[in-house]
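Q: One structure, pasted below without further comment.
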Amino acid sequence: DKLHLWYIFLKVVASPSCMNLYPLLDEHMGTMQTILSSQSDLDTLGLPLVCVLQKCACWPLLLEPLMERGPLFMQLLRRGMEEQNEVMLLGTCEALMHLFTFIDPDRFTAMRPHFSDVVATLFALISYA
Numbered sequence: 148d149k150l151h152l153w154y155i156f157l158k159v160v161a162s163p164s165c166m167n168l169y170p171l172l173d174e175h176m177g178t179m180q181t182i183l184s185s186q187s188d189l190d191t192l193g194l195p196l197v198c199v200l201q202k203c204a205c206w207p208l209l210l211e212p213l214m215e216r217g218p219l220f221m222q223l224l225r226r227g228m229e230e231q232n233e234v235m236l237l238g239t240c241e242a243l244m245h246l247f248t249f250i251d252p253d254r255f256t257a258m259r260p261h262f263s264d265v266v267a268t269l270f271a272l273i274s275y276a
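Residue numbers (this note's numbering): 148 to 276.
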């Protein structure tokens, strides 16, 4: 089942002992983009995906696919609140911080229409905390 293979892939990439991570992600970028697109599998893939995003959300290799899937972060935050998973919440916030730190001003401007969802989710997160 590909879901199990995706889970193993994410765990390997998220591992602190994973060497040559950038070339590995580059080689398997098609798989990573499929994982990022599969919203229905967040129950299983959410936490390992967050661990990967913590490590490399701002890398040029992942920046473009992540910018195309902005709602993914809000879904991960909501999932973390539903599961009361503080590791997932902290990791998602850290990945978001890296993502916002390394984007250019034009891309930041293009994100403005989505800010209301971000703000609403962050207020929910604050009330959760």
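Cβ atoms here follow ideal geometry from the backbone N, Cα and C, with glycine treated the same way.
Could you give the distance in angstroms between the alpha-carbon of Leu157 and the alpha-carbon of Leu246?
A: Those two C-alpha atoms are separated by around 19 angstroms.
Q: Between Met258, Leu150 and Pro252, which lies nearest to Ala193 when the distance is taken from Cα to Cα?
A: Before going further, note that residue 193 is Gly rather than Ala in the sequence given. Residue Leu150 is the option with its Cα nearest to Gly193.
Q: Would a C-beta distance cut-off of 9 angstroms place Ala161 and Cys198 closer than the cut-off?
A: Yes.
Q: In the structure shown, what three-state DSSP assignment does Pro163 receive?
A: Note: Pro163 maps to coil in three-state DSSP.
Q: So, for Phe249: in the same chain, excluding its five sequence neighbours on each side, which residues have a beta-carbon less than 6 angstroms away from its beta-carbon?
A: Once the five neighbours on either side are set aside, the close Cβ partners of Phe249 are Cys205.
Q: Leu183 to Met166, Cα distance in whole Å?
A: Answer to the nearest angstrom: the Cα atoms are 22 angstroms apart.
Q: Rank Leu219, Phe270, Thr181 and Leu269 by C-alpha distance to the C-alpha of Tyr96 and give the top, closest one.
A: What the structure shows of the chain is the stretch from 148 to 276, and residue 96 is not part of that stretch, so it cannot be assessed.
Q: Ordered along the chain, which non-local residues of its own chain (more than five positions away) have a Cβ less than 6 angstroms from that of Tyr275?
A: Contacts found: Met228.
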